[in-house]
Amino acid sequence: MLVVVGALRQTAASSVLGMRAAAALRMRAYRSFATTTVFTKSHEWIKVDGNNATVGITNYAQDQLGEIVYVDFPPIGTKLKGGDTMCTLESVKAVGEVYCPLPKGGEVTEVNSALEDSPSQVNEAAEGDGWLVKLNFEGEIQADGDNFLTAEQYQEKVVVPGDLRFTVYINVLGVLVDVTVGFHPTLQITAVSAMGIAENGVRRLRVVLSDGTHCSSAMPFGPLLQSNVQFRQFALGRCTFASANVKGKHVVLLKEYEEVRPPLRDTIGNPTLYRPSSAVANNANHENAPSHGNGMGQQNAAIHQNPPLHQYPTLDGPPQGKQQAGGYQYGGTVGTQYQQQQQQPHSGGSSSGLGSNNGSAASSGRQLPTYMQQQQPLQQQQQNQHKVAGPPLRAHPTNPYQQQPIGGGMLARQQSVTLGGNPQGPSAYGGSTGVQHQQQQQAAASRQQQNPYGAGAHHGGGGPVSYRPVANDIIPISQLSVYSQKWTIKGRVSSKSDVRTFTNSRGEGQLFSIEIVDDQSAEIRATFFNSLFPTSMYCVYHELYLIITANNIDRDNKYKYTKASKGSSFIEQAVTKFFPMIQQGRVYTFSKGQVKQANARFNPGATYELTFNDDAIIEESTDSVEIPRIVYKISKIATIQDRNPDEFVDLCGIVTHCSPVSMVTIRNSGNERARRNFTIADDSGCSIEMTVWGDMAQNCGVDENRAQYHPVVMIKNARIGSYGGRSLSAVGNTRIEVDPDDSRAFEVKNWWMQTGQGGAVQALSTGGGGGGGNAPVSVIEVMRMDNNLFLALSGQSDVPNARPVNTHTLQRATVSQIFKTGDRARNISQELGDTYADESSKSQQGLGIDGHQNQQCMPRYIINLKLADMSGEVLVRAFDEQAQALLGVSAQEMMQNMGEEDIEQVIIRAQFKKINARVRSKKEVYTDEERVNVSLTDFTAITDQNLQQDAQQMMQLINTYLQKVDPNGSRI
DNA sequence: CCCCCCCC
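The opening residue of the first sequence carries number 1 in full-length UniProt numbering; numbering runs sequentially from there.
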């Protein structure tokens with residue numbers, strides 16, 4: 001082979017497209033070659049002229065390698081043996097070694113030194129001027145259909161369109177088999193499932209194929225989907241495969257199927273599921289030794305380094321000299337071999353039973369062949385299973401069949417495996433067999449209760465893994481790990497996100513996620529995916545169709561198939577299937593999901609998370625189990641200021657303020673989103689802003705009316721943001737319960753009634769960027785001095801794009817004036833929608849690019865007011881939320897329902913209020929002049945009720961001050 | 001396989 005195989009892998013789309021071009025080039029190139037040019041399966045071409053050979057790589061190979069940037073040749077005169085490295089090609093993607101394709105080797109007589117200056121010549125003319133090496137050799141080279149192929153053979157047999165260097169994971173031979181080589185095993189269909197009808201009206205199927213040791217599911221496609229093709233369970237058939245790299249996973253496609261034996265009574269052997277996921281992981285690392293003992297048990301043990309191509313089994317049979325006496329041919333002859341085994345005399349019993357020639361039902365009292373009757377303890381059986389899956393060339397100390405190397409075919413290892421559980425129940429086999437079955441089933445009962453296929457499936461890998469049934473054992477969520485092969489959990493869906501659409505390089509998809517909580521209050525997140533338009537797959541199927549119709553290409557059909565594949569069963573449909581069914585708050589059993597390491601960035605605090613495909617089994621559970629509705633890990637609000645942004649937090653607090661829903665235009669997307677802000681305080685004496693978006697803003701149970709009664713909210717999975725110190729926002733998995741029946745809620749409510757209402761709550765959200773959570777407490781004059789300093793220094797900030805803001809807390813300031821129209825500033829102005837950003841303001845007013853007029857605009861306040869304290873006064877701007885809190889009337893109400901006089905009254909009432917105010921000073925440039933604008937971001941009114949607390953707080957501040965200036969002085 | 005979570 002030419003290069004590191006793994007490095008040759010490309011995305012399906014790029015290689016397929018590249019191959020089309022390569023095929024076109026190749027067709028041109030072939031005509032220019034004399035008939036003495038031959039090709040190899042490893043993608044070299046050899047132009048033979050007497051005893052001189054010019055060797056290069058094929059267009060296909062250069063396409064796979066990518067742009068070649070460096071070529072390294074051997075010295076002239078180097079004598080190469082067959083398979084020696086002949087030269088090295090370094091591409092932008094991989095370093096590839098070209099091996100000497102002449103089996104008997106040769107001597108380097110010339111190298112293409114022009115490539116040293118322009119290595120990309122290999123890409124441009126791989127089969128011409130991009131030749132690599134000339135060799136002198138002995139003997140004769142001619143196309144033999146095996147080592148050397150004609151151009152046509154090469155094109156047909158090796159460089160099939162759609163050759164993605166894929167690998168079929170039917171582990172017939174204990175190795176990964178490359179389907180670029182002829183590969184037509186006879187396998188048993190152990191299960192067939194119809195998956196409905198695709199968009200194009202063609203049926204969708206999944207079959208499970210077994211070689212007696214391993215099984216794997218495969219998707220029939222193309223002509224096999226026609227309704228006259230039958231896949232009968234337990235039948236044996238000759239199969240050919242294709243495989244596609246779909247979304248990074250290998251999908252085994254069944255290309256051809258010819259039944260060679262009618263259905264048997266049962267699954268032969270006790271096949272274990274061959275997991276593509278682990279195989280892919282290993283396969284991606286081709287050059288490494290196979291990994292053993294990593295906890296995956298048998299499955300990895302069966303994975304081996306891909307041997308070089310010439311070692312691959314082919315249709316022509318196993319490698320010479322490897323076949324066992326009494327063995328069988330590879331492919332097509334399994335039935336015969338099967339009979340041979342049956343006809344062998346067996347000690348201790350007659351030889352008949354399963355899989356007899358006519359496939360008729362076993363009669364009562366019939367005994368199994370000895371090899372199926374071995375009364376091994378379960379553990380021993382499993383040990384044998386492990387040995388079975390060992391490296392193919394390793395001799396088995398006791399079992400002659402184990403000496404069979406890769407040439408061994410189906411059923412080779414029956415002697416070391418036992419018959420799997422019987423779907424019809426033990427009695428179908430009668431007699432002693434039934435006893436054996438019962439024993440097995442009892443032995444396995446604690447691990448698996450109703451699995452009709454695998455007798456010994458168990459969690460944690462190693463033993464036989466059944467491919468269809470669900471494990472009935474329910475394990476705690478806490479026991480799940482990435483090694484869990486087969487599990488069922490039971491839990492309540494404590495939250496369920498909306499469906500979200502995403503786009504990535506592979507196409508567009510949808511997802512939703514849920515949180516599952518079990519009866520031990522353990523939680524895990526699970527995600528479901530739909531893939532909508534996986535463009536790479538689209539192309540793959542297109543090309544695969546070409547393979548199977550290689551002799552009968554019909555452009556229209558080809559095109560149709562390509563289009564139809566969009567709706568085919570290869571596309572994940574877990575969202576479509578499960579989103580409507582799964583309801584928040586209900587209890588389900590979940591199985592056949594994948595456990596993955598949680599991504600700490602997005603799922604902080606979690607160890608694992610789950611992914612469910614559309615073959616997941618999820619059933620609603622109605623038995624009454626005590627499972628909490630939502631598990632809260634409540635943090636006090638005060639602790640949030642020390643937490644990092646993007647983390648999630650659960651909290652329980654009082655809603656102190658709540659804004660109405662407003663529409664916000666999202667700057668990046670241009671989409672409109674509803675938004676609601678409210679402030680939550682708890683008994684840590686702190687408050688924080690919470691933002692809720694979209695539908696949740698309407699439906700979260702918190703609104704401006706209810707907020708007047710200061711409800712308690714328990715919030716799960718609030719996301720911590722850094723706006724204005726610390727803030728919170730609701731995301732997909734955030735849950736909000738209002739006034740829940742929970743002791744923690746009552747505690748917080750108590751605190752609020754006793755002390756919290758008093759107003760001594762410290763806001764973690766300052767509404768400004770620069771001040772953080774601990775804005776200095778100032779009087780107005782000090783703030784003005786500070787702002788002057790700030791004005792002078794802020795321009796020198798080294799931080800790019802730092803927002804020049806400065807926040808202060810003003811104690812006991814008086815609202816001394818609220819400006820009216822005609823005064824020196826704008827009055828209560830109604831603005832349309834969300835008008836903070838100029839761009840969104842325009843679009844809100846119908847000036848956006850889409851030109852459509854917004855139906856509804858939310859009036860918002862922007863008012864100017866003066867704050868005064870004993871040191872001075874300052875002009876402050878208050879935006880909608882604060883303005884409404886100050887005036888007690890919403891802008892909308894004022895605009896729609898109030899006359900001049902009423903408005904006057906509102907203003908009079910608001911004036912001369914005493915407040916503790918948080919203000920944000922912002923540097924702005926106004927007609928070439930820098931100035932500081934101050935806005936009111938939060939305030940607490942000082943009322944008669946909280947005057948006492950206010951006074952105490954003030955005394956504290958004074959004492960703190962006195963302590964500083966005179967540690968031994970007296971206190972108030 | 002997502003991982004965006006928005007605004008002042």
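Cβ atoms here follow ideal geometry from the backbone N, Cα and C, with glycine treated the same way.
Check, Outcome
"Cβ contact check for the region 611-629 and the region 484-496: 3 or more pairs under 8 Å", "yes"
"Coarse secondary structure for Ser-478, derived from DSSP in three states", "helix"
"Paired residues, beta bridge with Thr-186 - DSSP", "Arg-238"
"Unbroken stretches of the alpha helix (DSSP H), 4 residues or longer, contained in the region 616-687", "637-640"
"Those residues which DSSP pairs with Trp-693 across a bridge", "Arg-675"
"Validate contact between the region 613-623 and the region 714-723 using beta carbons, cut 8 Å, 3 pairs", "no"
"Span of the beta strand (DSSP E) around Ser-217", "214-220"
"According to DSSP, residues forming a beta bridge with Ala-951", "Answer is none; Ala-951 lacks a bridge partner."
"Separation of Phe-234 from Gly-269, as counted between CA atoms", "12 Å"
"Tyr-99, buried or exposed, once every other Cβ within 10 Å from all chains shown has been counted against 16", "buried"
"Inter-residue Cα distance where the pair is Ser-478 and Ser-727", "32 Å"
"Where Thr-488 falls: helix, strand or coil (DSSP)", "strand"
"Backbone secondary structure at Asp-739 - three-state DSSP", "coil"
"Sheet register partners of Asn-916 (DSSP bridge)", "Thr-940"
"DSSP-derived helix/strand/coil call for Arg-601", "coil"
"Spatially closest choice to Arg-261 from Ser-217, Gln-188, Cys-215, by CA coordinates", "Gln-188"
"Identity of the residue in Thr-960, Glu-138, Val-874, Glu-127 nearest Lys-104 by Cα", "Glu-138"
"Inter-stretch contact at 8 Å, needing at least 3 Cβ pairs: the region 658-668 / the region 734-743", "no"
"DSSP three-state assignment for residue 980, whether helix, strand or coil", "Residue 980 is absent from the structure shown; the chain starts at 1 and stops at 972."
"Boundaries of the beta strand (DSSP E) in which Ile-68 is found, first to last residue", "68-72"
"Thr-960 in three-state terms, based on DSSP", "helix"
"Closest Cα partner of Leu-264 within the set Phe-241, Gly-130, Phe-231, Thr-755", "Phe-231"
"Sub-9 Å separation of Val-779 and Gln-817 beta-carbons", "no"
"3-residue-minimum beta strand (DSSP E) runs that sit fully inside the UniProt domain \"Lipoyl-binding\" (52-136), ordered along the chain", "52-57, 68-72, 85-91, 95-99, 106-111, 133-136"
"Inter-residue Cα distance where the pair is residue 974 and Thr-527", "Since the first residue of the chain shown is 1 and the last is 972, residue 974 is not available in this structure."
"Presumed contact (8 Å Cβ cut-off) between Ile-57 and Val-108, rounded CB distance", "Ile-57 to Val-108, Cβ: 16 Å. No contact."
"Backbone CA spacing between Arg-525 and Arg-918 [nearest angstrom]", "39 Å"
"Collapsed DSSP secondary structure at Gln-233 in the structure displayed", "coil"
"Reduced DSSP category for Thr-267 - H, G, I as helix; E, B as strand; rest coil", "coil"
"Option nearest Asp-146 by Cα separation, candidates Met-785, Asp-880, Leu-135, Leu-102", "Leu-102"
"First and last residue of the uninterrupted alpha helix (DSSP H) at Glu-904", "900-910"
"Through-space distance from Gln-153 to Ala-114, alpha-carbon basis", "30 Å"
"Buried or exposed (CB count within 10 angstroms, at least 16 for buried), Met-955", "exposed"
"Straight-line Cα distance separating Leu-511 from Asn-530", "6 Å"
"Where the beta strand (DSSP E) containing Asn-864 begins and where it ends", "862-869"
"Residue burial classification, Met-86 (beta-carbon count within 10 angstroms, cutoff 16)", "buried"
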